[in-house]
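A.B. asks: The sequence shown: position 285 = 823 (my numbering), numbered continuously.
Just so you know, even glycine gets a beta-carbon here, dropped at the ideal spot from N, CA and C.
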Amino acid sequence: MNKSVSTTAGAILVLAVRWVDRLIGLVSTIILARLLLPEDFGVVAMASIVVGLIDVFLDFGVGITLVQNSKATQEDYDAAWTLRLLQSMAVAAIVFGSSWPAAAYFGDPRVTLVVQALSAAVLIGGLENIGIVSFQKNFEFGQEFKFFLIRRVCGFAITIAAAFLLKSYWALVIGTLATKIAGVIGSYVMHDMRPKPNFQRLHGMLSFSTWNLLRSIGGYLSENLHRLLVGNREATKVMGAYTLSAEISAIPSTELLAPLNRVLFPLMVLVKDDPVKLKRAFFLSMGIQVMIGVPAAVGLALIAPEVVALLLGEQWSMVVPFIQIMGFINIAGALNASPVYLFLTLGKARISAIHSWSQVLLLLVAVLLIVPGAGALQISELRLGVAVAGFFVMMFFVYRSFPAWSIMDMLATVWRPCTASLVMAGVLLHLPDVSGYPLSLQVAFKIASGVMAYSLSLLVLWYFARSDDGAESYVLRKFGMMKGA
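#1: Rounding to the nearest angstrom, what Cα-Cα distance links Met539 and Asn736 in this structure?
#2: Which residues bound the alpha helix (DSSP H) around Phe1026?
#3: Which class does Thr697 belong to by DSSP, given the choice of helix, strand or coil?
#4: Let me know the alpha helix (DSSP H) ranges lying completely inside the segment 829-896, each 4 residues or longer, listed in chain order.
#5: Going straight from the alpha carbon of Arg1015 to that of Ile789, what length do you get?
#6: Please check the pair Met932 and His893, which I expect to be a contact at CB under 8 Å, by giving their CB distance rounded to whole angstroms.
#7: Taking Val594 and Ala655 to be in contact with their CB atoms under 8 Å, please state how far apart those CB atoms are, rounded to whole angstroms.
#8: Please report the distance separating the alpha-carbon of Leu900 from that of Arg572.
#9: For Glu613, is the classification buried or exposed, using 16 other Cβ atoms within 10 angstroms of its Cβ as the cut-off for buried?
#10: Just mark Gln738 as buried or exposed, buried being the case when its beta carbon has 16 or more other beta carbons within 10 Å.
#11: Measure the C-alpha to C-alpha separation of Ser944 and Ala963 and round it to an integer number of angstroms.
#12: What residue does the alpha helix (DSSP H) around Arg954 start on, and which one ends it?
#13: Can you look up Ser542 in the DSSP assignment and give me helix, strand or coil?
#14: If the criterion is Cβ atoms closer than 7 Å, does the pair Ala875 and Val858 meet it?
#15: Which class does Glu1010 belong to by DSSP, given the choice of helix, strand or coil?
#16: Report back the beta-carbon spacing between Gly693 and Ala720 to the nearest angstrom; my notes put them in contact at under 8 Å.
#17: Counting only the same chain and skipping the five closest in sequence on each side, list residues whose C-beta sits under 6 Å from that of Ala912.
#18: Out of curiosity, what's the CA-to-CA distance linking Ile908 and Leu759?
#19: At which residues does the alpha helix (DSSP H) containing Ile908 begin and terminate?
#20: Hey, quick one: how far does the alpha helix (DSSP H) through Ser737 stretch, first residue to last?
#21: Taking all protein chains shown into account, decide if Ala991 is buried (16 or more other Cβ within 10 angstroms of its Cβ) or exposed.
#22: Can you name, in chain order, every residue of its own chain whose Cβ lies under 6 Å from the Cβ of Gly1008, other than the five neighbours on each side?
#23: Around the Cβ of Asn770, are there at least 16 other Cβ atoms within 10 angstroms (buried) or fewer (exposed)?
#24: Using only alpha-carbon positions, find the residue among Ser626, Cys956, Val727, Gly563 that is nearest to Gly669.
#25: When the Cα atoms are used, what is the spatial distance from Thr957 to Val649?
#26: For Arg1004 and Asn762, I'd like the C-alpha separation in whole angstroms.
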C-alpha cells in the first residue's frame, strides 16, 4: 500500500478511535462526577500517581524500540515481551510494598488498599500480547482501532455499573482492573503472535532502551510531579478536583493531538534519511499540532465556567480556575509534541530526556525554593511558566541539531493559527450576555461562535499568505477541497 495513502487512512482511523475513546471518557467522567465525590477521585488519583511513578522507573520503552527497529524479528518481540513481563512483576511487588508509606505521605489511610489493588492491575497488564505493537509499526490502524475500542468499552461499562452499585471510589479501581483484563484478552484474540520467554537478547534491549527509560521517567515526572506536590499539600477533596481538572483540560488539545502523534512518529521514521522531507514533515506536524491544540485550549479556558456547570454541576465549580490555567499549559504541550517526536525519530532520546528533566528541576526549584508555601492554584501557575520555558529549551535543541533550519520556518508555521486564536478569544470575550438562557444553549452558542471566528480568521490569513505548504493546505487537500498532492 502507498505509505501516503496508508498514513492518511491511519490518521483518520486513529483520530476516530481517540475521539471515541475520549467521548467515552468524557461521558464516564460526567456520570462519575454525579455519582462520586471529589474525595473519591482524590483517593484514586493519589494511588495512581504512586503506581505510575514506580512503573515509569522500570519502563524500558520496548514498544518504541520495536517500532524504531525496522528489522525486528520474532526473537526481538519475545525478548521485549519477556522484559515487559519482568518489569511488571517487579513494579507490582514494589507498588504493593509502597502502599503504607504512600498513605503516610498523602495523609489518607484509604490510599493503602487502593495502591495494593492497583498493583494487581500492573501485573495483569504485563501479560498483554506484545504483537499488537505491530499494528502501529505496520500502519494497521484499523486493528489498533478495534483493540483500543474493545478495551475502553469494557472498562467503561464495568466502571459505571460499579459506581451505581457501590457509590464509592472502589468503582474506579474495579474499572481499572477490568480494562487491564480486557486488554490482555483482546490482545491475544486480535493478534496471532504467541510470545514466549527469551532471555538471550535482553541485554541488547536494555542497552538500547536506556535513554528511552530516562526520557520516560523525566516525561512522567514533568507531567505528574505537580500532582505529587498537590496531593501532599492539599486535602483529598482538592486533589480530586485538581485531577479532574487536568483530565478535562487535556481533552480538547493534548488528547486530540495524541492520535496524530501515533501516526506522525512512524511517518517521520520513514523519511528520517531525507533532510528535505524530514524538515517538511516536522514543520507540517508542528503546524497541525498548533492549528488544533492552540484554539482548543484557548477556547476551553474562556468557556470553562459554563462547561463545568453544564457537565459536572455547580458542586464542581472549584475546578474552573484549574482548567483555565491548565488549558494554557496544554498549548505549550501542543508546541512541544513535534520536537519530541523528531528526536525520537532520530534515535536521540537523550535530548528528549534532558528536556523533560529540565522541566522537572525547574518546577522543583520554583515550588520548593521560590514559592515554598504554594498551594494547588499557585503550583498550576508555576507549571505554566515552566511549560513555556520548556518550549524554548526544546526549540534550542532543534536549531542546534539542524542549523539550516531557521526561526522563520517556525514562525511561518505557527503565526496564522496563533493569530486566529487571538481573534477567536476577542470574539468570545465580547459576545452578548446570554446568561438568561439554559446552560446547554449558552455553551452551544459560545462554541459555535468560537469555531466560526477561528475558522474564518484562519482561512482569511491563509488565503492572503498564499502558503501552499502549511497545515491548512495539507488539510484542505486531504479533504478534497484543494488540488495537489
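C.D. replies: A quick look at the data gives this:
#1: By 1-based counting over the sequence shown, the position of residue 539 is 1. By 1-based counting over the sequence shown, the position of residue 736 is 198. Because the pLDDT at Met539 is just 46, under 50, the model does not fix this residue reliably, and the point stays unresolved.
#2: With the chain running from 539 to 1023 in the structure shown, residue 1026 is simply not present.
#3: Locating residue 697 in the sequence shown gives position 159, where the first residue counts as 1. Three-state result, Thr697: helix.
#4: Every alpha helix (DSSP H) of 4 residues or more that sits fully in the segment 829-896 is shown, in chain order, as 858-883.
#5: Reading the sequence shown from its first residue, position 477 is the one you call residue 1015. Reading the sequence shown from its first residue, position 251 is the one you call residue 789. The alpha-carbon atoms of Arg1015 and Ile789 are separated by roughly 26 Å.
#6: The residue given as residue 932 occupies position 394 in the sequence shown. The residue given as residue 893 occupies position 355 in the sequence shown. Their Cβ separation, rounded to whole angstroms, is 5 Å, which keeps Met932 and His893 in contact under 8 Å.
#7: By one-based count along the sequence shown, residue 594 stands at place 56. By one-based count along the sequence shown, residue 655 stands at place 117. Contact between Val594 and Ala655 is absent: CB atoms are separated by about 19 Å, not below the 8 Å threshold.
#8: In the sequence shown, the residue the question calls residue 900 occupies position 362. In the sequence shown, the residue the question calls residue 572 occupies position 34. Their Cα atoms are separated by approximately 37 Å.
#9: Taking the first residue of the sequence shown as 1, we reach residue 613 at position 75. Counting the other CB atoms within 10 Å of its CB gives Glu613 a total below 16, which places it among the exposed residues.
#10: Locating residue 738 in the sequence shown gives position 200, where the first residue counts as 1. Exposed, by the Cβ-count rule.
#11: Taking the first residue of the sequence shown as 1, we reach residue 944 at position 406. Taking the first residue of the sequence shown as 1, we reach residue 963 at position 425. In a straight line, the C-alpha of Ser944 is about 29 Å away from that of Ala963.
#12: Sequence index remark: in the sequence shown, residue 954 carries index 416 (1-based). Counting along the chain, Arg954 sits inside the alpha helix (DSSP H) bounded by residues 945-967.
#13: Taking the sequence shown and counting its residues from 1, the one referred to as residue 542 is at position 4. Unreliable positioning characterises Ser542 in this predicted model, as indicated by a pLDDT of 49, which lies under 50. The coordinate reading is nonetheless provided below. Three-state DSSP puts Ser542 in a helix.
#14: Mapped onto the sequence shown, residue 875 falls at position 337. Mapped onto the sequence shown, residue 858 falls at position 320. When the beta-carbon positions are compared, Ala875 and Val858 stay at least 7 Å from each other.
#15: One-based indexing of the sequence shown puts residue 1010 at position 472. DSSP places Glu1010 in helix when its eight states are reduced to three.
#16: Within the sequence shown, the letter at position 155 stands for residue 693. Within the sequence shown, the letter at position 182 stands for residue 720. That pair is a contact at about 6 Å.
#17: On the sequence shown, residue 912 is found 374 positions in, with the first residue counted as 1. Excluding residues up to 5 positions away in sequence, Val905 lie with their Cβ nearer than 6 Å to the Cβ of Ala912 in the same chain.
#18: Indexing the sequence shown from 1 puts residue 908 at position 370. Indexing the sequence shown from 1 puts residue 759 at position 221. Straight across, the Cα-Cα distance linking Ile908 with Leu759 is about 19 Å.
#19: Against the sequence shown, residue 908 aligns to sequence position 370. Counting along the chain, Ile908 sits inside no alpha helix (DSSP H), nor does DSSP assign it H or E at all.
#20: The count along the sequence shown starts at 1 and reaches residue 737 at position 199. Checking the displayed sequence, the identity of residue 737 turns out to be Phe instead of Ser. According to the DSSP assignment, Phe737 belongs to no alpha helix (DSSP H), since it is labelled neither H nor E.
#21: Sequence index remark: in the sequence shown, residue 991 carries index 453 (1-based). Residue environment for Ala991: buried (at least 16 other C-beta atoms within 10 angstroms of its C-beta).
#22: Here residue 1008 refers to the residue found at position 470 of the sequence shown. The residues are Gly825.
#23: Along the sequence shown, one-based indexing puts residue 770 at 232. Exposed is the call here.
#24: Within the sequence shown, residue 669 is the residue found at index 131, counting from 1. For Gly669, the closest of Ser626, Cys956, Val727, Gly563 by C-alpha to C-alpha distance is Val727.
#25: Within the sequence shown, residue 957 is the residue found at index 419, counting from 1. Within the sequence shown, residue 649 is the residue found at index 111, counting from 1. Note on geometry: alpha-carbon atoms of Thr957 and Val649 lie some 46 Å from one another.
#26: Taking the sequence shown and counting its residues from 1, the one referred to as residue 1004 is at position 466. Taking the sequence shown and counting its residues from 1, the one referred to as residue 762 is at position 224. The straight-line gap from Cα to Cα measures roughly 42 Å.
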